[in-house]
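Novice: Just dropping this structure here.
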Amino acid sequence: MKSFNYSEKTALITGASSGIGLEFAEQLAARGVSLVLVARTQNKLQALANRLTQQHGVTTRVIAQDLSAVDATATIMGQLHEAKIFPDILINNAGFATYGVFDALSLDRQREEIQLNCLSPVELTHALLPAMLKRGDGAVINVASTAAIQPDPYMAIYGATKAFLLSFSEALWAENRQRGVRVLALCPGATDTAFFDVVNAEEASVGKRMKADAVVGQALKALDKQRNYLITGCNNWLLGQLQRFVTRRRLLIIAEGILRPKAQR
């Protein structure tokens with residue numbers, strides 16, 4: 001089994017301005033990979049791009065784009081074609097969660113969540129995969145979550161989108177494992193990023209948070225091994241096996257108790 005060859009590769013990373021996406025940018029730049037960094041904030045992206053170019057001598061390009069917009073993929077692909085950039089590595093990392101009772105949350109915000117967490121990775125993968133297959137070389141990493149493993153009360157849409165992403169990724173892995181393109185579903189648990197602060201859901205953070213650099217380091221090792229999915233961290237893996245020993249009903253009751261907002265406890 002050959003390790004993935006990063007030589008003369010270009011990676012497109014969504015959600016690259018912070019957290020796991022930023023760490024992917026750091027570790028891939030250290031491997032000499034050219035980068036296309038995508039997120040909403042131009043200034044943060046450009047500062048990151050400048051620093052990585054200075055530190056590692058890699059070529060970087062910034063695309064400031066809100067991926068929850070319905071025309072986001074078309075805009076990104078237009079800029080890539082204009083610049084004659086053909087990414088060999090796609091990391092679909094951008095995503096967000098809503099937290100609370102489903103019917104009390106904004107439907108428009110939950111639509112954006114589905115667009116960003118599901119449709120954006122599907123569209124970008126569909127746009128970039130053919131060129132990888134033509135070259136017989138490439139990789140797609142979709143950042144799912146341990147939330148994909150079971151339904152998640154009070155984060156119903158987030159868990160459902162991540163379950164979709166896990167299933168989608170594993171199906172692509174099976175389709176392409178003998179065609180030269182590796183596909184990995186990355187399922188981190190709670191990670192030391194701003195994720196829970198953004199959604200105001202500190203009580204939904206289960207267990208000790210992993211460092212983003214450890215999550216990404218494990219992901220790149222899994223890519224070398226041509227894994228189809230990876231749950232990062234031993235404790236997260238153990239929690240992921242709970243469904244083997246209890247009924248789905250019992251698992252849902254446990255999850256509801258853990259994720260219930262403090263105000264309702």
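Those letters in the sequence shown? Residues 1 to 265, per full-length UniProt numbering, in order.
Just so it is clear, CB atoms sit at the ideal spot from N, CA and C, and this is done for glycine as well.
Go ahead and pull the three-state DSSP assignment for Y158.
Specialist: In this structure, DSSP gives Y158 a helical state, which the three-state scheme calls helix.
Novice: My output table needs one value for L35: the three-state DSSP class, helix, strand or coil.
Specialist: strand
Novice: Quickly, what does DSSP pair I13 with across the bridge? List them, please.
Specialist: Per DSSP, L37 and I91.
Novice: Look up R61 in the DSSP assignment and say whether it is helix, strand or coil.
Specialist: strand
Novice: Just the C-alpha distance for T73 and F168, rounded to the nearest angstrom, thanks.
Specialist: Those two C-alpha atoms are separated by around 18 angstroms.
Novice: Kindly give me the distance between the Cβ atoms of V58 and V33, rounded to whole angstroms, as I take these residues to be in contact under 8 angstroms.
Specialist: 7 angstroms
Novice: Determine the direct distance from the alpha carbon of T146 to that of L238, and round the result to whole angstroms.
Specialist: 11 angstroms
Novice: From what residue to what residue does the alpha helix (DSSP H) around C234 run?
Specialist: That run of the alpha helix (DSSP H) goes C234 to G240.
Novice: DSSP three-state label for I141, please.
Specialist: strand
Novice: When the Cα atoms are used, what is the spatial distance from L252 to Q46?
Specialist: 43 angstroms
Novice: Tell me the DSSP secondary structure of L165 in three-state form.
Specialist: helix
Novice: For the putative contact between L186 and V140, defined by C-beta atoms under 8 angstroms, what is the C-beta separation to the nearest angstrom?
Specialist: So it is not a contact: roughly 11 angstroms between Cβ atoms.
Novice: Pick out whichever of A174, V216, Y99 and T232 has its Cα sitting closest to the Cα of residue 269.
Specialist: Residue numbering for the chain in the displayed model covers 1 to 265; residue 269 lies beyond these limits and cannot be assessed.
Novice: Using the Cα positions of Y154 and K262, report the straight-line distance between them to the nearest angstrom.
Specialist: Note on geometry: alpha-carbon atoms of Y154 and K262 lie some 12 angstroms from one another.
Novice: Cα separation between S120 and S68?
Specialist: 7 angstroms
Novice: Would DSSP call A219 helix, strand or coil?
Specialist: helix
Novice: Would you kindly report the start and end of the unbroken alpha helix (DSSP H) that includes A72?
Specialist: Element bounds for A72: A72 to A83.
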